[in-house]
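Everything on this sheet refers to the single structure shown next.
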Amino acid sequence: MYVCLCKGITDNQIKDAINQGACSMRDLRAELDVATQCGKCARDCKSILLENMTSS
Ligand code: FES
8 MYVCLCKGIT
18 DNQIKDAINQ
28 GACSMRDLRA
38 ELDVATQCGK
48 CARDCKSILL
58 ENMTSS
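FYI, in this note's numbering the residues of the sequence shown are 8 to 63.
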């Protein structure tokens, strides 16, 4: 499912980045370019981040 439409980033890509060590929005931005355009996906990205960090 697409989370960031501007950059065409899916939740799976975000989860992969988290599994590979991304632990902040800054990391996700640097790795995937999410939330760098309209910013509407920032909240969703953040909740995916929090969910996947606490479950590991
Ligand atoms: Fe992610 Fe626009 S949807 S920056």
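In this text, a Cβ means the ideal position worked out from N, Cα and C, and glycines have one as well.
Residue span of the beta strand (DSSP E) that contains Val41, given as start and end: Residue numbering aside, residue 41 sits at position 34 when the sequence shown is read from its first letter. Careful: Val41 lies outside any beta strand (DSSP E) and carries neither H nor E.
Cys52, DSSP secondary structure in three states: Position 45 of the sequence shown, counting from 1, holds the residue named residue 52. Three-state DSSP puts Cys52 in a helix.
Proximal residues to Arg50 (C-beta, below 6 angstroms), its chain only, five neighbours per side dropped: To locate residue 50, count along the sequence shown from 1; it is residue 43. So the list is empty, once near-sequence residues are dropped.
Whole-angstrom distance between Cys13 and Glu38, CA atom to CA atom: As a position in the sequence shown, residue 38 is number 31, starting the count at 1. As a position in the sequence shown, residue 13 is number 6, starting the count at 1. Each residue's alpha carbon lies about 15 angstroms from the other.
Cβ shell of Tyr9 (< 6 angstroms), same chain only, five flanking positions each side left out: Position 2 of the sequence shown, counting from 1, holds the residue named residue 9. Cβ neighbours of Tyr9 beyond the five flanking positions: Thr17.
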